[in-house]
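Using our numbering, read the sequence shown as starting at 1 and increasing by one per residue. Don't be surprised by glycine CBs; every beta carbon is placed ideally from N, CA and C.
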Amino acid sequence: MRIATYNIEWFNNLFDDEGNLLDDMGWSGRQNVRRADQIASLGIVFTALDADAVMIVEAPDHNGRRTTVPALENFAAAMGLRARRAVMGFPNNTQQEIALLYDPDMLSARHDPQGAPTGKKGSADAPRFDAVFRWDIDVDAESERITFSKPPLELAMETAAGTRFRMIGVHVKSKAPHGASTPDEVMRISIDNRRKQLAQCIWLRQRVAAHLRDGDSLIVLGDFNDGPGLDEYEKLFGHSGVEIVLGADEAEEAMRLYDPHAREALLGPLCAKPATARFFLAEEGRYLSALLDYIMVSPAIRVRDPAWRIWHPFDDPKLYAIPELREALVAASDHFPVTLDIDL
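Written as C-alpha cells, this is what we have:
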C-alpha cells in the first residue's frame, strides 16, 4: 500500500465554483504556469504516484460557494485515479483545505476528531483541533489562546484486510511577519508567530502522545513549514516544531514518532539534508530547497518495515531519467510528494 502527502500550490485556482476543472490557458497562480499545464502536470504526477491515499495540503477551498470534496473527486475522475474518494474535516478560511483522496476499494476513511470542543475560554488539555488551546507561549505566567488557521484532519482508517490505524493530516503555518514595517517589528512579530507555531505543535503532540499511550497505529503527515535547523529562531527556542511532534526528547521509544528524513536533518547543520520543496528567490536569482513535508509513523507502523521516498526530480536519479515526469513534478507545485510504501 502506498500513502502520500502532497502540498499542491494554488490547487484552488484550477477549479470553478461548481468544482469543475478550469482546463484552459489562464494563469494558474504558479509563476509562469498556465492552468492547463498545471492540470496536465498534476495528472502525470498522480498517475505515477498511483497511491492508495494522498493527503492533499492546500486542497481546493470549502466555503459558501465552493466545496472541497466534489472538486477533488472531479479531479480524480478526470485523471482516472484509483484514489477517487475524498474526505475532509473542519473547513478553514484560508482557501487551503486539508483533505484526503483515497481508493475506496483498498481503504475506508472517516473524519473522527478527538478532544473536547471549547468555548472562547479554551483548554490546556488537547482540545478538539477546531477549538481553542491555552498555553503560555511567552513565559509571563499567563496562558494565551491558540487556534489553528488550518485545523489538522483526524481520520479513522481501515484497510480492506481489516487493519485499523489513525491518520492526522497537518498544515502548520504561522511564521510570516505580516504588518511589520521596521526590522525590530519583523523580529518581534516573527518571534511571536514562532511561539504560536510551537504552541500548535505542542497541542498536536498532546494528541499524538494520547494515541501512542493507547497503542494506536498512527501516521502524522503533511506540511509543517518547519524542521530541524530550518531557521535562526530554533536556537532561541531550543527545538523545532517537528522535533516536538516527533517526541524527539522522549526517553521511551514507544512514545516517539519516526521519519527518516527528519532523522537525517537532526544529524547537524553541516550534514546534507533531504528536501521536499523548492522556492525561487527572485531577489537573489536562485532556488532555495527546504525539508518541510513529513510522514511520521508510530512504532506500531514502523515495525511493518515501511519505505519512504521524496519525489524530488533533482535528487532522485530514477525520476530525473523520465523527462515527462521530471517536468511535471516541477510544474505541478513548489512542493514534491512524499510517499510511504507499507504492507498494511
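Rounded to the nearest whole angstrom, the CA to CA distance from Pro313 to Lys120 is 46 Å.
Boundaries of the beta strand (DSSP E) harbouring Gly169: 164-171, taken from the DSSP string. Between the beta-carbon of Pro152 and that of Asn92 there is about 11 Å, and that puts the pair past the 8 Å contact cut. Segment contact: the stretch 15-25 against the stretch 303-311, fewer than three CB-CB distances shorter than 8 Å; contact not assigned. In this structure Met296 does not touch Tyr320 by the C-beta definition: roughly 27 Å separates them, more than the 8 Å allowed. Within 10 angstroms of the beta-carbon of Met1 lie 16 or more other beta-carbons, which makes it buried.
The criterion of a C-beta distance shorter than 8 Å is satisfied by Thr159 and Leu107. Approximately 4 Å separates the beta-carbon atoms of His335 and Asn7; this is inside 8 Å, confirming the contact.
When Ile98, Glu73, Gln38 are compared, the shortest CA-CA separation from Leu221 is found for Ile98. Taking Thr67 as reference, the option from Arg326, Arg207, Ala156, Gln95 with the minimal CA-CA separation is Gln95. With a cut-off of 8 Å on Cβ pairs, the stretch 56-72 is not in contact with the stretch 26-34, counting fewer than three such pairs. Considering only Leu155, Thr118, Thr47, the residue with the shortest C-alpha distance to Val87 is Leu155. With the rule of 3 Cβ pairs closer than 8 Å, the stretch 208-216 counts as touching the stretch 238-256.
With contacts defined by Cβ atoms closer than 8 Å, Ala331 and Asp37 form a contacting pair.
DSSP places Thr159 inside the beta strand (DSSP E), whose first and last residues are 153-159. The beta-carbon separation of Gly247 and Ala209, rounded to 7 Å, stays under the 8 Å limit for a contact.
When the beta-carbon positions are compared, Gly169 and Gln197 stay at least 8 Å from each other.
For Gly222, DSSP records a beta bridge to Val170, Tyr294. Beta bridge pairing from DSSP links Ala275 with no other residue. With a cutoff of 8 Å on beta-carbon distance, Thr163 and Leu344 are scored as near each other. A check of alpha carbon separations from Met157 across Glu283, Asp105, Arg82, Ile202 identifies Asp105 as the nearest. In the DSSP assignment, Ile98 forms a beta bridge with Val57.
In this structure, the CA atom of Ile202 is about 44 Å from the CA atom of Met25. DSSP places Val45 in the uninterrupted alpha helix (DSSP H) bounded by 35-49. Per DSSP, reduced to three states, the secondary structure at Arg263 is helical. If you check the CB distance, Val54 and Ala77 do not come in under 8 Å. By the neighbour-count criterion, in which 16 or more other beta carbons inside 10 Å mark a residue as buried, Ala131 falls on the buried side. When secondary structure is reduced to three states using DSSP, Trp308 falls in the strand class. Rounded to the nearest whole angstrom, the CA to CA distance from Glu243 to Glu284 is 30 Å.
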